[in-house]
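Novice: Sharing a structure with you now.
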Amino acid sequence: MARTLNFMQAINEAIAEEMRRDPSVFVLGEDVRVSPFGQTAGLVEEFGEERILNTPIAENAITGAAMGAAMNGMRPILELMFCDFSMLAMDQICNHLGQWRYITGGQYPLPLTIRTAVGAGMRMAYGHSQSLESQFIQAPGLILVEPSTPYDAKGLLKSAIRSDDPVVVFEHKKLIFGGVEGEVPEEDYTVPFGQAVVRKQGQDATVVAFGFMGYEALNAAQELAQDNIAIEIIDPRSIVPLDKDTIFESVEKTGRLIIVEEGRLRGGLGAEIAALACGDYFSLLKAPVQRVAAPMIPIPGSPVLEDLYLPNKDSIVRAVRRVC
Amino acid sequence: MSLSNAKLLELYRKMLLVRSMEETHGKLLQEGKIQLMGHFGTGQEAVAIGVTGPLRPEDILFGTHRGVGEFIGKGMTPKDIWLEYLGKKAGPCRGKGTLHLADRKLNIPGLVSSLGADFSMAVGTALASKMRRTDQVTLYYVGEGTCNQADAHPSMCMAALWKLPVVFAVCTNQFCELSYMCDHYPTDDVAPRAAGYGIPYEVVDGQDIAVTYEATERAVAHARRGQGPFLVEYKTFRMATHFTGDPGHYVNPEEREQWAARDPIDLCRKKLLEAAVITADADQKLRAEVQAEVDGAVREGFAAADPTVEDLFEDLYSGKGVL
Ligand SMILES: Cc1ncc(C[n+]2csc(CCOP(=O)(O)OP(=O)(O)O)c2C)c(N)n1
């Protein structure tokens, strides 16, 4: 039986169910008892203060503490409130977390889930708005996922909590605050890593859209349909591992590839997929690969400027038109 | 003195092993047989062995870059250390850690590259020990220089706030890399910082193994009783330079001589001879035996198989294959 849940409820439910299932799962982070955005709200009533642990404001140190707990039999879920703040913990995340299992010769897997919020458009200016996923893709040993529906939010988070590898889950603020709803089964399920979904079928161009950008792509599809351009929209769901098969099976059909992300252009997720396309899949392409991403500037505080900064339906339409 | 003669002898043997391991490392470097640089803990053996001596097998140790002392102290064998140092497949980290020693069977979770990144990890292992209702203690062994990393503070704060079973063992060896401690600290001691978090502390002589052992024993017992963290600062002197490529021109030779007169191994030997726990002959034999153990470990290390290209992509994720 499925019910309708919003994005935030789906996250909350995933955590609660995993905590009931496995006593080694616990939550830590800054103000997770009250919960700044609401994803962990109410959990302290059921699970108590020991398993819903408020921490000092010290991102690198709480990440290290979570890693230590993971080294010693626990499965922590760490909240790094804003993805921007995760940069304070990049020593732990990039230098240690992803690499620990390897440098200890497999002796110390770190089953740690980090949840962090990305996304602009909330008028939070330069330091609380960035989508910094691409900062993490150079770090070996991490799994990176970004859900865009309540179903995926719950299913991917459950996979993350059960994974023996460290996982970073990027939650878009527009999905958290915007209350996007969707069907979520009552029964236990997970969404596996590395499996993309085709959100809309089409034969003219393949649009790979990460996270919230999938919604912008759906809007773009409507506009393009008026000109009889049918785009195929793929939601990768996992950034690492990336479901190359689904993406390039689609490109084989369409011959055109557009990658859309909310993060910045240079060295972004699009650059990585474009490089794959130019290498292993070059023969499939009928047109140059297009990247839609944010410009290489800070996110401006002005609402007008912020809207200009953000990739959206219009920039996707323009990119598709360049090649179709 | 609560330390039995048998225990003292055991600790003495470990100190000899540490010294011999590091001297051998230095020799291999000089002979051009290896390139692996060393940061030796010569003169600090009583701290490294004293802080690990009171630990139980299930207790967790975070060690430092300075030599092999605490790793030997926690039970790593010369053989495992050399297998790892030489990057061999049979090393505990399968040759992927080398200087970054980790050994799960001994509860040694690893050695970080960025100083102080493990401060908070030690808080985390202690948090898990408490949450899992074990009476396991984490010992965080750290140099005074590293205690200036920002994370030292939230780590001590969390440890005290959550009353965690962690002992902060600060080895004050007078140097922080290529400079004296006074370039790094406005105070003589690091330990009083603990008071800011309500953490009890002691400052002790780091040259006398009985003192270092017993101070650690008290701190560990405090943590194990559920009374929360404890900090011990051990005063010693780095007789080695910072690393094997450092000529150490900045070291004051007179001061070094003064400390050399209180070499921890010599002090311990004197005690053992005076108490007739060993004879001079037995001591000679013991030293030869220790050196033979190290030489054997080095030989076995060199003879062991290197990892292959197949190993290159192993151990990154728990699943098979490269992503
Ligand atoms: C984050 C970071 N900064 C600098 C270094 C370089 N470094 C290695 S050892 C060392 C000195 C550490 O001093 P201390 O903690 O007192 O330990 P000691 O070397 O005296 O044993 C420095 C600066 C490092 N490894 N990591």
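Protein sequences, first through last, are from chains A and B. Counting along the first sequence from 1, when you hit position 324 you're at 324 in this note's numbering, and nothing is skipped either side. If you want this note's numbering, it's the position in the second sequence, counting the first as 1, plus 1000. Where is the CB? At the ideal position from N, CA and C, for every residue including glycine. On a predicted model such as this, the values are computed, not experimentally measured, just so you know.
1) Would you tell me roughly how many angstroms separate the C-alpha atoms of C1093 of chain B and L1083 of chain B, rounded to the nearest one?
2) With three or more beta-carbon pairs closer than 8 Å as the criterion, would you say the segment 278 to 286 of chain A touches the segment 175 to 194 of chain A?
3) Rounded to whole angstroms, how far is the Cβ of G1124 of chain B from the Cβ of A65 of chain A, which I believe are closer than 8 Å?
4) With a threshold of 8 Å, establish whether the CB of A58 of chain A neighbours any heavy atom of ligand 1.
5) Counting only Cβ-Cβ distances shorter than 7 Å, please list the residues of the segment 229 to 262 of chain A near chain B, keeping chain order.
6) What residues of chain A sit near C1093 of chain B, judged by a beta carbon separation below 8 Å?
7) Kindly provide the ranges of any beta strand (DSSP E) runs that are 3 or more residues long and lie completely inside the segment 1114 to 1164 of chain B, ordered along the chain.
8) Identify each residue in the segment 132 to 164 of chain A for which the Cβ-Cβ distance to at least one residue of chain B is less than 8 Å, and report them in chain order.
9) For a test of the three-state rule: what should DSSP assign to D1183 of chain B, helix, strand or coil?
10) Quick one, are the C-beta atoms of A61 of chain A and M1158 of chain B less than 9 Å apart?
11) For E1293 of chain B, report the span of its beta strand (DSSP E) as first-last.
12) Let me check one thing: in DSSP terms, what residues is R115 of chain A bridge-paired to?
13) Shorter than 9 Å from the beta carbon of M71 of chain A to some beta carbon of chain B?
14) For V1220 of chain B, which three-state DSSP category applies?
15) Using a Cβ cut-off of 9 Å (strictly closer), state whether S24 of chain A contacts chain B.
16) Cβ of L1111 of chain B within 8 Å of any heavy atom in ligand 1?
17) Any beta carbon of chain B sitting closer than 9 Å to that of D31 of chain A?
18) Between A1090 of chain B and the rest of its own chain, which residues show a CB-CB distance below 8 Å, the 5 nearest in sequence each way excluded?
19) Identify whether Q290 of chain A lies in helix, strand or coil by the three-state DSSP scheme.
20) Considering only heavy atoms of ligand 1, does any lie closer than 8 Å to the CB of H1039 of chain B?
21) Pull up the distance between the alpha-carbon of V1322 of chain B and that of F1313 of chain B, whole angstroms please.
22) Run down chain A in chain order and give the residues with a C-beta less than 9 Å from the C-beta of V1204 of chain B.
23) Can you tell which of A:M71, A:P140 and A:M122 has its C-alpha closest to the C-alpha of C94 of chain A?
24) Is N1252 of chain B near ligand 1, with its Cβ less than 8 Å from a heavy atom?
25) Please confirm whether D22 of chain A and L110 of chain A have their CB atoms less than 9 Å apart.
26) Does D235 of chain A come out as helix, strand or coil in the three-state DSSP assignment?
27) Any beta carbon of chain A sitting closer than 9 Å to that of Y1141 of chain B?
28) Got a sec: is the Cβ-Cβ distance from M124 of chain A to anything in chain B below 9 Å?
29) Assuming the contact rule is C-beta atoms closer than 8 Å, R264 of chain A and A294 of chain A should be a hit. Round their C-beta distance to whole Å, please.
30) With distances taken between CB atoms, is the gap from H224 of chain A to V167 of chain A smaller than 9 Å?
31) If you count every other CB in all the chains shown that lies within 10 Å of the CB of P192 of chain A, and 16 or more means buried, which is it?
32) Residues in its own chain within less than 8 Å of T116 of chain A by CB, not counting five upstream and five downstream?
33) Would you check whether ligand 1 has a heavy atom nearer than 8 Å to the C-beta of N6 of chain A?
34) Would the C-beta of F136 of chain A count as close to ligand 1, meaning under 8 Å from any of its heavy atoms?
35) Measuring only from the beta carbon, is N1173 of chain B closer than 8 Å to any heavy atom that is part of ligand 1?
36) Confirm the yes/no value for this check: CB of E1070 of chain B, any heavy atom of ligand 1, distance under 8 Å.
Specialist: Let's see:
1) As a working note, residue 1093 of chain B is residue 93 in the second sequence. As a working note, residue 1083 of chain B is residue 83 in the second sequence. Near 9 Å, if we compare the C-alpha coordinates of L1083 of chain B and C1093 of chain B.
2) Segments in contact, no.
3) What you label residue 1124 of chain B is simply residue 124 of the second sequence in a count that begins at 1. What you label residue 65 of chain A is simply residue 65 of the first sequence in a count that begins at 1. Contact check for G1124 of chain B and A65 of chain A: beta-carbon distance about 4 Å, within the 8 Å limit, so the pair qualifies.
4) Taking the first sequence and counting its residues from 1, the one referred to as residue 58 of chain A is at position 58. Outside the cutoff, so no.
5) Against chain B - using a Cβ distance shorter than 7 Å - the residues of the segment 229 to 262 of chain A are V240 and P241.
6) Locating residue 1093 of chain B in the second sequence gives position 93, where the first residue counts as 1. Per Cβ cutoff of 8 Å: I103, T104, G105 and Q107.
7) Scanning the segment 1114 to 1164 of chain B for uninterrupted beta strand (DSSP E) segments of 3 residues or longer gives 1138 to 1143, listed from N- to C-terminal end.
8) The residues in question are P140, G141, I143, S163 and D164.
9) Indexing the second sequence from 1 puts residue 1183 of chain B at position 183. When DSSP states are grouped into helix, strand and coil, D1183 of chain B belongs to the helix group.
10) Working through the first sequence from its first residue, we reach residue 61 of chain A at position 61. Working through the second sequence from its first residue, we reach residue 1158 of chain B at position 158. Cβ distance < 9 Å, so A61 of chain A and M1158 of chain B count as in contact.
11) In the second sequence, the residue the question calls residue 1293 of chain B occupies position 293. From DSSP, E1293 of chain B is part of no beta strand (DSSP E) but of the alpha helix (DSSP H) over A1280 to A1303.
12) Counting from 1 along the first sequence, the entry for residue 115 of chain A is found at position 115. Paired residue(s): A:E79 and A:V169.
13) Locating residue 71 of chain A in the first sequence gives position 71, where the first residue counts as 1. Chain B, which has a Cβ nearer than 9 Å to the Cβ of M71 of chain A, makes this yes.
14) Indexing the second sequence from 1 puts residue 1220 of chain B at position 220. When DSSP states are grouped into helix, strand and coil, V1220 of chain B belongs to the helix group.
15) Position 24 of the first sequence, counting from 1, holds the residue named residue 24 of chain A. It does: the Cβ of S24 of chain A has a partner Cβ on chain B nearer than 9 Å.
16) Numbered from 1 along the second sequence, position 111 holds the residue referred to as residue 1111 of chain B. L1111 of chain B: no, Cβ never under 8 Å from ligand 1.
17) By one-based count along the first sequence, residue 31 of chain A stands at place 31. No, its Cβ sits nowhere closer than 9 Å to a Cβ of chain B.
18) Here residue 1090 of chain B refers to the residue found at position 90 when the second sequence is read from its first residue. Around A1090 of chain B: L1083, A1304 and A1305.
19) Here residue 290 of chain A refers to the residue found at position 290 when the first sequence is read from its first residue. Strand, per DSSP.
20) Residue numbering aside, residue 1039 of chain B sits at position 39 when the second sequence is read from its first letter. H1039 of chain B: yes, Cβ under 8 Å from ligand 1.
21) Indexing the second sequence from 1 puts residue 1322 of chain B at position 322. Indexing the second sequence from 1 puts residue 1313 of chain B at position 313. With a pLDDT of only 45 at V1322 of chain B, under 50, the local geometry of the prediction cannot be trusted, and the value read off the model is given with reservation. Each residue's alpha carbon lies about 6 Å from the other.
22) Residue mapping note: residue 1204 of chain B aligns to position 204 of the second sequence, counting from 1. Listed along the chain, the chain A residues whose CB falls inside 9 Å of the CB of V1204 of chain B amount to none; the nearest CB is some 26 Å away.
23) Taking the first residue of the first sequence as position 1, residue 94 of chain A is located at position 94. Closest by alpha carbon: A:P140.
24) Along the second sequence, read from residue 1 onward, the residue named residue 1252 of chain B stands at position 252. No, the beta carbon of N1252 of chain B sits no closer than 8 Å to any heavy atom of ligand 1.
25) Within the first sequence, numbered from 1, the residue matching residue 22 of chain A stands at position 22. Within the first sequence, numbered from 1, the residue matching residue 110 of chain A stands at position 110. Inclusion of D22 of chain A and L110 of chain A in the CB contact set at 9 Å is not warranted, their separation being larger than that value.
26) Here the question's residue 235 of chain A lines up with position 235 in the first sequence. Of the three classes helix, strand and coil, the one that applies to D235 of chain A here is strand, per DSSP.
27) Within the second sequence, the letter at position 141 stands for residue 1141 of chain B. It does not; no Cβ of chain A falls within 9 Å.
28) Locating residue 124 of chain A in the first sequence gives position 124, counting from the first residue. By this cut-off, M124 of chain A is not an interface position.
29) Locating residue 264 of chain A in the first sequence gives position 264, where the first residue counts as 1. Locating residue 294 of chain A in the first sequence gives position 294, where the first residue counts as 1. The beta-carbon separation of R264 of chain A and A294 of chain A, rounded to 5 Å, stays under the 8 Å limit for a contact.
30) The residue labelled residue 224 of chain A in the question sits at position 224 within the first sequence. The residue labelled residue 167 of chain A in the question sits at position 167 within the first sequence. Per the sequence shown, the amino acid found at residue 224 of chain A is Leu instead of His. Contact annotation: L224 of chain A and V167 of chain A have beta-carbon atoms that are not nearer than 9 Å.
31) If you number the first sequence from 1, residue 192 of chain A lands on position 192. Result: exposed.
32) Counted from its first residue, the first sequence places residue 116 of chain A at position 116. Once the five neighbours on either side are set aside, the close Cβ partners of T116 of chain A are E79, L80, M81, F82, C83, F85, S86, V168, V169, F170 and E171.
33) Counting from 1 along the first sequence, the entry for residue 6 of chain A is found at position 6. When distances are taken from the beta-carbon of N6 of chain A to the heavy atoms of ligand 1, even the shortest one reaches 8 Å or more.
34) Residue 136 of chain A sits at position 136 when you count from the first residue of the first sequence. Shortest gap from the CB of F136 of chain A to any heavy atom of ligand 1: 8 Å or more.
35) Position 173 of the second sequence, counted from the first residue, corresponds to residue 1173 of chain B. The beta carbon of N1173 of chain B sits closer than 8 Å to at least one heavy atom of ligand 1.
36) Position 70 of the second sequence holds residue 1070 of chain B. The answer is no for E1070 of chain B.
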